[in-house]
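In full-length UniProt numbering, the protein residues as written are 1 to 402.
Take a look at the structure set out below.
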Amino acid sequence: MGGDSRLAGFLAVHRSSSVAHLTELLVATIIAGNPGYDAAGVVPLADLERSCEDNVLRVLELLALRVAGEDPDTAGPYFDAARATGTRRAEQGLPLDDVLRSFRMGGRLIWEDLVDKADPAGLLQGDDLRLIGTELWQVVDDTSAEVAVAYHAAARLRVRADEERRANLWEGLLSGRGSEPGFAQEAARVLGLSPDGPIAVVAMDHPVPGRERAEGVATELLARGVRSTWQERSGRCVGVLELPGHDVEPALAALREVAGVRIGLSSVIEGLAGTGQALREAMLALQTVRPDRPEAVCYLDRLPEALLLSAPDVSGRLVDSWLGPVLGLPGPEHSVLLTTLESWVEGGGSASRAAALVPCHRNTVVNRLRRVSELTGRPLVEGPPPVELSLALRMWRLSETE
1 MGGDSRLAGF LAVHRSSSVA HLTELLVATI IAGNPGYDAA GVVPLADLER
51 SCEDNVLRVL ELLALRVAGE DPDTAGPYFD AARATGTRRA EQGLPLDDVL
101 RSFRMGGRLI WEDLVDKADP AGLLQGDDLR LIGTELWQVV DDTSAEVAVA
151 YHAAARLRVR ADEERRANLW EGLLSGRGSE PGFAQEAARV LGLSPDGPIA
201 VVAMDHPVPG RERAEGVATE LLARGVRSTW QERSGRCVGV LELPGHDVEP
251 ALAALREVAG VRIGLSSVIE GLAGTGQALR EAMLALQTVR PDRPEAVCYL
301 DRLPEALLLS APDVSGRLVD SWLGPVLGLP GPEHSVLLTT LESWVEGGGS
351 ASRAAALVPC HRNTVVNRLR RVSELTGRPL VEGPPPVELS LALRMWRLSE
401 TE
């Protein structure tokens, strides 16, 4: 590729005498004409000055090389200032548009300075100016492209780091670190929660797409004055709700509006210190919901079931003791007997009320109860059902949800 050594020499002399002046002018122009820098308030003046100086120098070096007929490799050192600027501005959170606007400003100032210095002395002809202008804007385009590449790479790293930080804060909260004041304050700041106010935890089955459902739930909750933040965890969506008061009913009503999946809501806790316990409550509440009948339930409304799930060994023995022989029958037969038994318990031990619930004839209920008594050796008579039987039936029904 041929070049113009005369123009390259002119540009070398120009560079040595103009970098300091152009740097000062560019800094002032950016501050005055690129409000993004001032509004964001994230780029220290010393950083801006150093960046302007480095990039003005590199642009003038690249311009001289291109006019001389060389085509510098974008992976080479001549683009190091552009890449460093893109990386730093992404880390500082300055919008990319503002960064690229400053490079266009720099290109315009360099062009105006070249014209101002060349015209009085008659150093450049029309063809010279056209060549320099063409190559200058090519250099500005190339450096801007490198800025953008570096910016996007750093932004991706920043997003990943932010996501990892949020995930770590979530795990810390849900494992009990919310009781550490410093950790609770940091988690509250990053996750957008109050460290001390009343909160509740939600556990929700994770359908596909889970994130969209969580966003829909968050929107419904916010409409009822409940702020929330969500995280995908162990195949489920977990949310922390910041309640306007100590009543979970508004939140529960919002969750029921968008259920479609199993949702468990904890009781109200004060501050983030009890988040781990609240998660356990929410998970227990969720496990009490049948998959074929998805709904939103509150832990406080499912305490007997939660108690059974919390003591699987004891509840297992309870089921074996009261229902084991019935469960040994073929599926259809034991389902009929146990469903009738549930209706009898729900009816307060009345065969007539159970018959209305099944529904069937009262004598059918009596015959089925007699069959259960024969199998288990436990008499079932009119009157309040045994508490143990009620619990055993609840546990059997819970096992049907798994």
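Backbone N, C-alpha and C fix where the C-beta goes; we use that ideal spot for every residue, glycine too.
Counting the other CB atoms within 10 Å of its CB gives residue 246 a total below 16, which places it among the exposed residues. In this model, residue 65 and residue 39 are separated by some 37 Å (Cα to Cα). Restricting attention to alpha helix (DSSP H) runs no shorter than 4 residues, the segment 56 to 129 encloses them at 80 to 92, 96 to 118, ordered along the chain. Counting only the Cα atoms, residue 5 lies some 15 Å from residue 129.
DSSP links residue 228 through a beta bridge to 241.
In this chain, residue 264 is not harboured by any alpha helix (DSSP H); it is covered by the beta strand (DSSP E) spanning 263 to 265. Residues of the same chain with their beta carbon placed closer than 6 Å to that of residue 153 are lacking, with the five preceding and five following residues left out of the count. In this structure, DSSP gives residue 298 an extended state, which the three-state scheme calls strand. Each residue's CA atom was taken as its position, placing residue 388 and residue 312 some 15 Å apart. As the crow flies, the alpha-carbon of residue 384 is around 13 Å from that of residue 353. In the three-state reduction of the DSSP assignment, residue 251 falls in the helix class, which pools H, G and I. Taking all protein chains in view, the Cβ of residue 18 is crowded by 16 or more other Cβ atoms within 10 Å, so the residue is classified as buried.
Taking the Cα positions, residue 293 is about 26 Å away from residue 322. By the 16-neighbour rule on beta-carbons within 10 angstroms, residue 156 is exposed. Taking the C-beta atoms as reference points, residue 225 is found no nearer than 8 Å to residue 195. Around the Cβ of residue 28, a 10 Å sphere holds fewer than 16 other Cβ atoms; the residue is exposed.
A direct Cα-to-Cα measurement between residue 59 and residue 68 gives close to 14 Å.
Proximity of the segment 261 to 275 to the segment 304 to 318 falls short of the contact definition, fewer than three beta-carbon pairs being nearer than 8 Å.
Per DSSP, the beta bridge partners of residue 269 are 199.
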